[in-house]
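Student: Have a look at the structure that comes next, please.
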Amino acid sequence: MAKLLKKEFALFAHPTSWMFLAFGAMMLIPGYPMYLPIFFASLGLFYACLSARENNDLYYTLLLPVRKRDAVRARALYFVIMELLQLAVCVPFAILRGVLKIGPNAAGMDVNVALFGLALVVAGAFNALFLPRLYKNPAAVGKPFLIVSVCVFLFIFALEACSFVLPFFRDVLDTPDPQHLPAKLAVLAVGAALFVLLTVLGTRRAEAIFEKVDL
Amino acid sequence: MAEKVLELRGLCKEYPSFRLKDAGFSLSRGRIMGFIGRNGAGKTTTLKSMLNIVHPSAGTVAFFGLAFAEHEQEIKRRIAFVSGGANYYPNKKLSAITAVTRSFYDNWDEAAYRRYLKLFALDESKTPKALSAGMQVKYALALALSHRAELLILDEPTSGLDPVSRDELCGVFLDLADEGVSILFSTHITEDLDKCADDVTYIRNGEIVFSLPLGELREKYRTVELTAEQAERYKSSLIGCKRAKEGFTALVERGACEELGGHASDLEEIMVHLDREARDDG
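Those protein sequence lines, which keep their order, are chains A and B.
Sequence positions in the first sequence follow this note's numbering and run 7 to 221.
Sequence positions in the second sequence follow this note's numbering and run 45 to 326.
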């Protein structure tokens, strides 16, 4: 798996993935849907998948002494690393936002611990939906990404709506840190667990699908 | 009896417009097998089905006595598959692709890799995109030959190569076979098989017609040249009779129609006439 992961970074990784990491600085924008800077990791992954298709990556990978399912697992692990890296880049800017006292986010969920927990759920949902579709027809990358992006954006929209409508979101989660920190930490923990669960489910489904795909 | 490095049984694959039907043959250690058939006969489908690159609907494939499904990783480490040229990562330098590929093989032979780079006149600072189709094949072969594979499966390896390179490659294959490496390669260029193959497997419309030692196959047939009158008179004994520049040509079984003379058939003549016969019958 380590060799495959090394291959993902050496050949599969697309320059835009590294570029999009810088979008973590958007955490400093006073009023902005803050799930979006985190979602840019997904866009970077899409470009990498698009480039991989043009580079005949799957075919090259399957010539190597690896099992088909390991190729899927390494790709999923690469997704996870890039998504976590995107979150990690966002963290210092989130802290800086607090230090600079930029204030509450009028456009939606505030930048706080709970946001990162919910963002992990969004990333997990992306993995669960995109990975199986990606391997169902490796020649088509755009259509699955479009479908999954629409689903993810609807999910983000619903989460943002919650911060205006649902009392728990509005009064507990959408508040500056360190207010209601235990509840927010619980959301972060649940978010992390759901991220793992959704990614594992998506990867297993993708493995089963890819096993039967003809290249 | 020589160890079987590859054994296919009842391999099937269905596409809307093509069916691979019960494909089966075996290859022994140190043998070179040519896999022949016209375009669309099922050569690539068979090779890809063997390696689960396309998913066969039925049948078993064993390498070195191990079922592919259960020992995929180990088997892939001991074999090499080259289909066409290095048509992946066209904008990466060969050195970058090699660096990644090398890391997957504990038995990578760097000296052999350097030797093949030199033999094939490959420049590692180039990208696959900058190579001609023939040079891409050579690079893919250099990678395949550098991890001491015990079985090489090559899909049309000589198609884009010039005659000198093809001849060199046949020499490389013969040397490898002497070292105990088995080679299965599909090709349209039957002349290359005449130079180096031990066995020939012939596929037509998704069905294996025969899988025989080349010597036995050559023993079986003779090519005769005929006039129109002879073609008509010996019609029942002729196999795949067809027009030639002057008169007609056909195969006859050894021992039959001795009065017609003829010469020992080469592989191209055997393939062309057998295919003609099947079409005439069909």
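Every residue gets a Cβ at the ideal spot worked out from N, C-alpha and C, and that includes glycine.
Are at least three pairs of beta-carbons, each pair with one atom in the stretch 11-30 of chain A and one in the stretch 56-64 of chain A, less than 8 Å apart?
Tutor: yes
Student: Anything in chain A within Cβ reach of histidine 317 of chain B, meaning under 7 Å, just list it in chain order.
Tutor: Residues of chain A with a Cβ closer than 7 Å to the Cβ of histidine 317 of chain B do not exist; the shortest Cβ-Cβ separation is about 33 Å.
Student: What is the residue span of the beta strand (DSSP E) that methionine 179 of chain B lies within?
Tutor: Here methionine 179 of chain B belongs to no beta strand (DSSP E); instead the alpha helix (DSSP H) covers 177-189.
Student: Of all Cβ atoms in chain B, is any one closer than 7 Å to the Cβ of alanine 80 of chain A?
Tutor: no
Student: Do glycine 54 of chain B and alanine 106 of chain B have their C-beta atoms within less than 7 Å of each other?
Tutor: no
Student: Below 8 Å on C-beta distance, what does phenylalanine 125 of chain B contact in chain A?
Tutor: In chain order: Leu69.
Student: Note down the Cα distance separating isoleucine 44 of chain A from alanine 195 of chain A, rounded to an integer number of angstroms.
Tutor: 17 Å
Student: Which value, in whole angstroms, describes the spacing of the CA atoms of glycine 114 of chain A and alanine 131 of chain A?
Tutor: Cα to Cα, the separation comes out at about 20 Å.
Student: At the 7 Å Cβ level, is phenylalanine 148 of chain B part of the contact set with chain A, yes or no?
Tutor: It does; some Cβ of chain A falls within 7 Å.
Student: Would a check of beta-carbon distances place isoleucine 97 of chain B closer than 7 Å to chain A?
Tutor: yes
Student: Determine the contact status of glutamate 166 of chain A and proline 39 of chain A, defining contact as a CB-CB distance below 7 Å.
Tutor: yes
Student: Let me make sure I understand the geometry here. Which of B:Cys240, B:Val268 and B:Glu273 has the alpha-carbon closest to that of proline 257 of chain B?
Tutor: Per the Cα distances, B:Cys240.
Student: Looking at the structure shown, is glutamate 194 of chain B part of a helix, part of a strand, or coil, going by DSSP?
Tutor: coil
Student: Would you mind reading off the limits of the alpha helix (DSSP H) that contains serine 57 of chain A?
Tutor: 41-60
Student: Residues in the same chain with beta-carbon distance under 7 Å from glycine 30 of chain A, minus the five sequence neighbours each way, listed in chain order, please.
Tutor: Pro43, Gln92, Val95, Cys96 and Phe99
Student: Taking contact to mean 3 or more Cβ pairs, one atom from each stretch, closer than 8 Å, check whether the stretch 305-324 of chain B and the stretch 254-271 of chain B are in contact.
Tutor: yes
Student: Short check: CB of alanine 125 of chain A to CB of methionine 88 of chain A, under 7 Å?
Tutor: With contacts defined by Cβ atoms closer than 7 Å, alanine 125 of chain A and methionine 88 of chain A do not form a contacting pair.
Student: Taking arginine 139 of chain A and isoleucine 162 of chain A to be in contact with their CB atoms under 8 Å, please state how far apart those CB atoms are, rounded to whole angstroms.
Tutor: With a Cβ gap of about 19 Å, arginine 139 of chain A and isoleucine 162 of chain A do not count as contacting.
Student: Rank B:Phe69, B:Tyr133, B:Ser147 and B:Gly84 by C-alpha distance to the C-alpha of alanine 54 of chain A and give the top, closest one.
Tutor: B:Tyr133
Student: Taking the alpha carbon of asparagine 143 of chain A as the point to measure from, which residue in A:Leu11, A:Leu51, A:Phe52 and A:Val219 has its own alpha carbon closest?
Tutor: Comparing Cα positions, the closest option is A:Val219.
Student: Can you find a CB in chain B that lies within less than 7 Å of the CB of arginine 73 of chain A?
Tutor: yes
Student: Could you compute how far the alpha carbon of aspartate 199 of chain B sits from the alpha carbon of cysteine 214 of chain B?
Tutor: Taking the straight line from one Cα to the other gives about 14 Å.
Student: If we count the other Cβ atoms within 10 Å of its Cβ and call it buried at 16 or more, is glutamine 117 of chain B buried or exposed?
Tutor: exposed
Student: Check whether the stretch 171-182 of chain B and the stretch 226-239 of chain B are in contact - that is, three or more C-beta pairs closer than 8 Å.
Tutor: Segments in contact, no.
Student: Can you pull the chain A residues whose beta carbon is under 9 Å from the beta carbon of glutamate 194 of chain B, in chain order?
Tutor: By Cβ distance, chain A contributes nothing, its closest Cβ being about 13 Å from glutamate 194 of chain B, past 9 Å.
Student: Please classify threonine 293 of chain B: does DSSP put it in a helix, a strand, or coil?
Tutor: strand
Student: Between isoleucine 119 of chain B and leucine 110 of chain B, how many whole angstroms is the CB-CB distance? I'm expecting something under 8 Å.
Tutor: 6 Å
Student: The stretch 108-120 of chain B: which residues have C-beta closer than 9 Å to a C-beta of chain A, in chain order?
Tutor: Answer set for the stretch 108-120 of chain B: Glu116, Gln117, Glu118, Ile119 and Lys120.
Student: Quick one: what does DSSP say methionine 77 of chain B is sitting in, helix, strand or coil?
Tutor: Methionine 77 of chain B: strand per DSSP, three-state reduction.
Student: Which chain B residues are close to tyrosine 65 of chain A, counting only those with a beta carbon under 7 Å from its beta carbon?
Tutor: Tyr132
Student: Based on the DSSP output, what are the partners of aspartate 236 of chain B in its beta bridges?
Tutor: Aspartate 236 of chain B is not bridged to any residue.
Student: In its own chain, which residues sit with a C-beta less than 6 Å from the C-beta of glycine 78 of chain B, not counting the 5 before and 5 after it?
Tutor: Leu237, Ala241 and Val244
Student: Can you grab the Cα-Cα spacing for the pair arginine 34 of chain B / aspartate 153 of chain B, in whole Å?
Tutor: No statement about residue 34 of chain B is possible, as the shown extent of chain B runs from 45 to 326 and does not include it.
Student: Give, in chain order, every unbroken run of the beta strand (DSSP E) that is at least 3 residues long and sits entirely within the stretch 56-115 of chain A.
Tutor: none
Student: Using a beta-carbon distance below 7 Å, is valine 105 of chain B in contact with chain A?
Tutor: no
Student: Thinking C-alpha only, which one of B:Asp222, B:Gly204, B:Val208 and B:Asp324 is nearest histidine 232 of chain B?
Tutor: B:Gly204
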